[in-house]
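I have placed the structure first, in the form of structure tokens, so that the comments after it can refer back to it.
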Amino acid sequence: MQAVCSNCSAPLTGEYCSACGQRRTHGRLTLGALLADVSRRVLHFDKAFAVTFWRMLREPGRLVPDYLAGRRARILDPIHYLTASVFLQVGVASFTHFVAPVVGRLSAVGWLGRLGGVMAIKVLIIFGMGLLWRLLFRPLRYNLAEIYVFAMYAFGTTGILWAVLPLVDLLVPYPLGADPMTVLLVTLGIEIAYGTYAIWQFGNIPIWWCAMRVAAVLGAGYALLIGVVGPGYLSNMLLPEHLVSR
Ligand SMILES: [Zn+2]
């Protein structure tokens with residue numbers, strides 16, 4: 018009897034169904050097979066996440082065109098990468114909330130306002146900035162969807178860089194995050210610096226021209242966001258309440 022796909026009943030010729038793409042199932046699930054599957058996926062995910070982050074630091078101008086050209090096997094796709102970045106930020110935030118009081122370094126909590134965030138706001142920011150970029154500057158080679166792919170990779174990487182800050186605060190002998198203005202300037206500085214670097218590589222345009230565009234898009238973008246969600250919400254996101262009232 019010919020093997021058929023257990024999902025759609027199409028005849029199977031290999032390890033994957035040619036009609037629906039589901040992988041061939043091998044009889045009843047065992048604990049060993051389940052554990053092997055979980056560890057394989059987690060390891061693959063971790064490795065792909067690390068590779069994607071490293072390449073976004075080293076060569077964002079090559080990773081994104083690679084993805085757009087279909088060379089995707091070793092990297093995470095932009096949506097997975099962004100989601101993983103948010104999960105990592107939330108993980109760091111919980112860790113810091115737990116550890117900061119224990120080691121007496123409450124300033125580390127000051128960085129957490131920028132971490133995690135509400136996913137909806139993140140998405141709003143990313144797609145708003147991408148659209149603004151497209152509206153403000155005539156793109157030479159990329160369409161809006163391709164700009165969004167770049168924006169998701171770049172925002173994911175910025176979030177990971179931000180997640181390092183509270184950990185540094187916990188380790189060094191100075192309470193870096195105690196001053197809300199420092200937090201704002203450092204996080205914004207990282208966003209502008211990394212954004213300029215990544216777009217400079219990706220867009221192949223002069224770096225000073227890049228920095229001016231990034232400043233214009235971020236300025237207009239955050240101003241628009243304040244108009245949409247209100248200054249109270251945004252300042253709360255940037256400067257958590259317990260720091261302002263102290
Ligand atoms: Zn099938």
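Numbering (my numbering), first residue to last: 18 to 263.
Think of the CB as a built atom: it goes at the ideal place given N, C-alpha and C, for glycine as much as any other residue.
Neighbourhood of residue i by C-beta, 7 angstroms cutoff - its chain only, sequence neighbours within 5 removed
| i | result |
| --- | --- |
| GLN19 | PRO28 |
Own chain, CB closer than 8 angstroms to residue i, minus 5 neighbours either side, in chain order
| i | result |
| --- | --- |
| GLY206 | none |
| LEU194 | Rather than Leu, the amino acid found at residue 194 in this sequence is Gly. The residues are SER124, ALA125, VAL126, GLY127, TRP128, LEU182, PRO183, ASP186 and VAL200. |
| ASP94 | TYR84 |
| GLU32 | ARG40 and ARG41 |
Proximal residues to residue i (C-beta, below 6 angstroms), its chain only, five neighbours per side dropped
| i | result |
| --- | --- |
| TRP226 | none |
| GLY38 | none |
| HIS61 | none |
Closer than 7 angstroms: residue i CB and nearest ligand 2 heavy atom
| i | result |
| --- | --- |
| GLN106 | By its list of ligands, the structure shown excludes ligand 2, since it contains just ligand 1. |
C-alpha distance - residue i paired with residue j, whole-angstrom precision
| i | j | result |
| --- | --- | --- |
| LYS139 | ALA90 | 26 angstroms |
| CYS34 | GLY44 | 16 angstroms |
| PRO223 | VAL55 | 45 angstroms |
| ARG40 | GLY173 | 30 angstroms |
| ALA237 | ILE209 | 13 angstroms |
| MET146 | LEU178 | 19 angstroms |
| ILE96 | LEU46 | 30 angstroms |
| VAL68 | PHE154 | 31 angstroms |
As assigned by DSSP and simplified to three states, the class of residue i
| i | result |
| --- | --- |
| VAL21 | strand |
Buried or exposed by the 16-neighbour rule on C-beta atoms within 10 Å, applied to residue i
| i | result |
| --- | --- |
| HIS259 | Caution is warranted here: a pLDDT of 44 is assigned to HIS259, below 50, making its placement in the model unreliable, and no coordinate value can be reported. |
| SER13 | Nothing can be reported for residue 13: it is not among the residues displayed for the chain, which extend from 18 to 263. |
| PHE104 | exposed |
| ARG58 | exposed |
| TRP71 | exposed |
Quick check for students: name the residue ranges of the alpha helix (DSSP H) that lie wholly in the region 85 to 166, counting only runs of 4 or more. 95 to 120 and 136 to 153
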